[in-house]
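Just below is one structure, and these are the notes that go with it.
Numbering (UniProt numbering), first residue to last: 1 to 441.
Next comes the structure, spelled out in C-alpha cells:
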C-alpha cells in the first residue's frame, strides 16, 4: 500500500535536466509531478509523518488493530510478526491451531444440547427434553450449564464423553433451584472464580425489567449485581483474567455495556449503529477481543475491550441473521435465525462462510469447547461470599444479605455493644461484654 503526502513542496528554480525528486529530500521514494512539483510516499507498514511530509513513520498494526494475527501480534519497524500462545502451533499461513485434542462445538438445538466434533464431523446428544435458550461450559469439571426458559431456571449436567466423564453416554440435568418469575436469558461461567453469571428479564410489569445476577456454580448465595437501568438483556460474558463483565441490552435503547465483575464501574461501550444485538463472545487468545452479532442488521463486528477499534467483520444477507456466536483459533462460529444452520468463517471476515454438516432443528446458542487454564483466585470470602475480580486486579467479596465487610462477616450483638468476629470455621463464645474467643470446632 502506497501512501502519498499532499503536494509536499514546490521547487523554485530547477534546471531543465534536473529531477525534482533528486533535490526533494524524500526519506523513502518520490514521484515527479508536473510544474516542478514532487510527492513523497511510503511503503506498506509506514505512513507519511503529519509533521514532516518527507519523513515516514512506522505503523503499529498491533495497536491499531489492522493486523491479521489469529493470536499474538508483535510490532516491528515497517511490519509486524504473528505468534501463538502456549498450547497452539503456527501453520504455514500463520494461523494458530490447537496443538493437541479436537475442537468441540456445544450448541442448543430446540429441546436438546448437542456436541459436534469438528474433526470427525460427528454430533452426540448431551441433554434432551428442556427448553434451552443459552448455555456455557465449565472446563474444570467438564460441566455444561444452560437456561431453561420454560421452567425459568438454570440447570447443569456433565458433558458426556469429556475427559472427566469418558464413560458417560448421556447427561442428566440437575436443577440449581433458582426459579424466579423473571426469565433467564444469557449466562456465563467464571471458570477462574468458579461462579455463575446470568441475565434475566421480568415482564410482569408495564415495562420489562432486566437484571444480572451471580451465584456459586451450584446456585447458592445468589444476588443481583446489576439491578437498574437494564431492560431486555440477551447475552452476558465474563473475562476473569481482566475482571470485566459485558452484556447486551435490546430494550428501548439497544446497547452493549461493561462493568467490573462485581457490577461496579459500569459504562456503555456501543450504542450507535446497532439494532438488535443478540450474541457476545470474547476471543481470549487475541488480546481479549469482543465479538458480537446483530440479528436484525445481519452484522458481525468486533472491538477492543475498552470499546475502541470497532471493526466490521462481515455484513450481508449471506450471514442469514446470526443469532449467537463464539470464537476459537482463527474462526468464528454462529447459528442462523432464519435457516437454523451453523456456519463458520475466518474471524477477520476473509473468504466466505462455510456451512457445517449435519441436520439442525432450531439452534439458538453455541460455544466452542476448549480447555483454558483456570487460575485459582485464592480469595478468602466467608459465609457464602462470592469472590469477584475487578479491573484493578483486586479481589472483592460479594456478600449475601446480612453479611458485609471485606470477608463477608456478620455483626454479633452483645450486651456490651456491637462486636464483629471472623468465626467462619469456629464456634464464637463470649468471655466478656466486649470480647469474643474462637473455640475450635
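A virtual CB, placed ideally from N, CA and C, is assigned to each residue, including glycine.
Residue 257 and residue 269 look like a contact to me (Cβ under 8 Å); what is the Cβ gap, rounded to whole Å? 6 Å
Could you check what DSSP says for residue 33 in three-state terms: helix, strand or coil? coil
contact_flag[the region 130 to 141, the region 94 to 103] where n(CB pairs < 8 Å) is 3 or more: no
Segment limits, beta strand (DSSP E) that includes residue 61: Counting along the chain, residue 61 falls outside any beta strand (DSSP E), though it belongs to the alpha helix (DSSP H) covering 61 to 64.
If residue 215 and residue 226 are in contact, beta carbons under 8 Å, what's the gap, nearest whole angstrom? That belief does not hold up - the Cβ atoms of residue 215 and residue 226 are roughly 14 Å apart, past 8 Å.
Work out the CA separation of residue 300 and residue 155 for me, nearest whole Å. 29 Å
DSSP has residue 322 in a bridge; who is on the other side? 336
Do you know offhand how far residue 343's Cα is from residue 355's? 4 Å
Looking only at its chain, what residues have a beta carbon closer than 6 Å to the beta carbon of residue 31, apart from the 5 residues adjacent to it on each side? 39
Span of the beta strand (DSSP E) around residue 246: 244 to 249
Nearest-angstrom Cα distance between residue 125 and residue 336? 20 Å
With contact counted as at least three CB pairs below 8 Å, one residue from each stretch, are the region 274 to 291 and the region 314 to 333 in contact? yes
Which same chain residues end up closer than 8 Å to residue 57 when comparing Cβ atoms and leaving out the 5 residues on each side of it in sequence? 46, 47, 48, 49
Thinking C-alpha only, which one of 159, 357, 62 is nearest residue 172? 159
Beta strand (DSSP E) containing residue 127: first to last residue? 122 to 128
Three-state secondary structure assigned by DSSP to residue 117: strand
According to DSSP, which residues form a beta bridge with residue 279? 293
Taking only three categories from DSSP, how would you classify residue 195? strand
Of the residues 283, 224, 281, 200, which one's Cα is nearest the Cα of residue 250? 200
Using only CA atoms, which one of 285, 317, 88, 64 lies nearest to residue 79? 64
Who are the Cβ neighbours of residue 276 in its own chain at under 7 Å, not counting the five residues just before and after it? 250, 254, 294, 295, 296
In angstroms with no decimal places, state the Cα-to-Cα distance between residue 346 and residue 259. 29 Å
Is residue 448 buried or exposed, if buried means 16 or more other CB atoms sit within 10 Å of its CB? Nothing can be reported for residue 448, as the shown portion of the chain is limited to 1 through 441.
Below 8 Å on the Cβ atoms is my contact criterion, and I expect residue 262 with residue 396 to pass it. Report the Cβ-Cβ distance as a whole number of Å. 5 Å
Just list the residues that DSSP pairs residue 160 with in beta bridges. In DSSP, residue 160 forms no bridge with anything.
With 16 as the cutoff for other CB atoms within 10 Å, does residue 244 come out buried or exposed? buried
Run the CB neighbour count on residue 89, radius 10 Å, all protein chains shown included, and call it buried at 16 or more, exposed below. exposed
So which of 218, 364, 113, 246 has the shortest CA-CA distance to residue 386? 218
Between the C-alpha atoms of residue 312 and residue 231, what's the straight-line distance to the nearest angstrom? 26 Å
Specify the secondary structure class of residue 468 as computed by DSSP and reduced to three states. For residue 468 there is no data in the structure shown, the boundaries of the chain being 1 and 441.
Do residue 186 and residue 149 have their beta-carbon atoms positioned less than 7 Å apart in this structure? no
Compare the C-alpha of residue 304 against each of 315, 282, 320, 298 and name the closest. 282
Determine the burial state of residue 95: buried for a count of at least 16 other Cβ atoms within 10 Å of its Cβ, exposed for fewer. buried
Host beta strand (DSSP E) of residue 136 (start-end): 132 to 138
Taking 7 Å as the threshold (C-beta atoms), are residue 72 and residue 83 in contact? yes
Check whether residue 109 and residue 360 have beta carbons under 7 Å apart: yes
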